[in-house]
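A.B. asks: The numbering of the sequence shown is my numbering, which starts it at 23 and goes up by one.
So that we are looking at the same thing, I have put the structure below in structure tokens.
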Amino acid sequence: MPSHLFYLSGCDLRCAFCIAEASAFDPSRGRVLTSEFLTEAVAWGKTQGARNLQWVGGEPTIHLPSVLEAMSNCVGLPPIVWKSDFYGTPAAFELLSGLVDVYVADFKFGNDECANRIARVANYGAVVTRNLRIASEQSDLIVRHLILPGHFDCCFRPIVAWLQREMPRVKFSLRDGYQPRWQAGRHAELAAPLSRSEGEQARRLAAEAGLNVIA
Ligand code: SF4
Numbered sequence: 023m024p025s026h027l028f029y030l031s032g033c034d035l036r037c038a039f040c041i042a043e044a045s046a047f048d049p050s051r052g053r054v055l056t057s058e059f060l061t062e063a064v065a066w067g068k069t070q071g072a073r074n075l076q077w078v079g080g081e082p083t084i085h086l087p088s089v090l091e092a093m094s095n096c097v098g099l100p101p102i103v104w105k106s107d108f109y110g111t112p113a114a115f116e117l118l119s120g121l122v123d124v125y126v127a128d129f130k131f132g133n134d135e136c137a138n139r140i141a142r143v144a145n146y147g148a149v150v151t152r153n154l155r156i157a158s159e160q161s162d163l164i165v166r167h168l169i170l171p172g173h174f175d176c177c178f179r180p181i182v183a184w185l186q187r188e189m190p191r192v193k194f195s196l197r198d199g200y201q202p203r204w205q206a207g208r209h210a211e212l213a214a215p216l217s218r219s220e221g222e223q224a225r226r227l228a229a230e231a232g233l234n235v236i237a
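Here it is in structure tokens:
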């Protein structure tokens, strides 16, 4: 479905392999978001065939007050897609409840040690799985995972096991195009692109687990 993407700068994570580092780590980049600008942009997007509006980043949740204000005064708002790292607070999801039609959640790491070492965040698993449960109660949910080289047993397997146990029918989007970017070279296993065999192995495991892999 044609989607109108709104990129917001700034992010609360610091993934060593970030591909958006130029804007993801500078929340002041870009122009100020206003309801007038959003209304004009939405109208233009519709003339281009956009059927929904997708907030992406960086991490859009860090700009939630501005986004909510702009949306509340925007004329002709289409269905909303919220693409997020899902490291936000329950209060953030409460504020988004009823406004988001589809959540696209990045489930990046299958254990806290990898999340801390690679993205510099604490308590990752508990926060993200809590938020996945909240979001699945609110609206349509797509869980995305970028397959990381060398993280099959520590990250991919636990994520597949959790989804199999907790939400086996959720749409699961597997991304196998990993390329080393930003500071990926600081981590030996992340210094090279994902091999074809690792991608195939991951897809095989997800299929064997009966997950609803959509791409
Ligand atoms: S969550 Fe996304 S934008 Fe933020 S640091 Fe990680 S890869 Fe970059």
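C-beta: ideal position from N, C-alpha, C; glycine also.
Roughly how many angstroms lie between the CA atoms of F241 and S25, to the nearest whole one?
C.D. replies: Because the chain in this structure spans residues 23 to 237, residue 241 falls outside the shown range and cannot be described.
A.B. asks: Which of helix, strand or coil does DSSP assign to W104?
C.D. replies: Residue 104 sits at position 82 when you count from the first residue of the sequence shown. W104 falls in the strand class under three-state DSSP.
A.B. asks: Given this structure, state the Cα-to-Cα distance separating D123 from R226, to the nearest angstrom.
C.D. replies: By one-based count along the sequence shown, residue 123 stands at place 101. By one-based count along the sequence shown, residue 226 stands at place 204. Approximately 30 Å between the Cα atoms of the pair.
A.B. asks: Got a sec: does ligand 1 put a non-hydrogen atom nearer than 7 Å to the Cβ of C177?
C.D. replies: Here residue 177 refers to the residue found at position 155 when the sequence shown is read from its first residue. It does not: the Cβ of C177 is nowhere closer than 7 Å to a heavy atom of ligand 1.
A.B. asks: Apart from the five residues just before and just after A206, which ones in its own chain have a Cβ nearer than 7 Å to its Cβ?
C.D. replies: Within the sequence shown, the letter at position 184 stands for residue 206. The answer, listed in chain order, is A38, F39, L212, A213.
A.B. asks: Just confirm the distance between the C-beta atoms of D134 and Y125, as a whole number of angstroms; I'd bet it's less than 8 Å.
C.D. replies: Counting from one through the sequence shown, the residue named residue 134 turns up at place 112. Counting from one through the sequence shown, the residue named residue 125 turns up at place 103. In fact, because the Cβ distance is near 22 Å, the residues do not count as touching under 8 Å.
A.B. asks: Please go through the same chain and pick out, in chain order, the residues whose beta-carbon is closer than 7 Å to the beta-carbon of Q223, but skip the five residues on each side of it.
C.D. replies: The residue you call residue 223 lines up with position 201 of the sequence shown. Cβ neighbours of Q223 beyond the five flanking positions: F174.
A.B. asks: At a threshold of 7 Å, does L1 count as lining ligand 1 (C-beta to nearest heavy atom)?
C.D. replies: Outside the displayed span of the chain (23 to 237) sits residue 1, for which this structure offers no information.
A.B. asks: Any idea if A229 is buried or exposed, counting beta-carbon neighbours within 10 angstroms, 16 or more meaning buried?
C.D. replies: Locating residue 229 in the sequence shown gives position 207, counting from the first residue. A229 is exposed by the Cβ-count criterion.
A.B. asks: Per DSSP, which residues does L27 bridge with? Please list them.
C.D. replies: Residue 27 sits at position 5 when you count from the first residue of the sequence shown. DSSP output for L27 lists Q76 as bridge partner(s).
A.B. asks: Alpha carbon to alpha carbon, how far is P202 from R251? Give it in angstroms, no decimals.
C.D. replies: Residue 251 is absent from the structure shown; the chain starts at 23 and stops at 237.
A.B. asks: Return helix, strand or coil for R36, following the three-state DSSP convention.
C.D. replies: Residue mapping note: residue 36 aligns to position 14 of the sequence shown, counting from 1. Here R36 sits in coil by DSSP.
A.B. asks: When you compare only the Cα positions, how much space is there between S88 and C96?
C.D. replies: Along the sequence shown, one-based indexing puts residue 88 at 66. Along the sequence shown, one-based indexing puts residue 96 at 74. Approximately 12 Å, taken between the alpha carbons.
A.B. asks: Under 7 Å from any heavy atom of ligand 2, does the C-beta of N74 make it?
C.D. replies: Because ligand 2 does not appear in the structure shown, any question about it cannot be addressed here, the ligands present being ligand 1.
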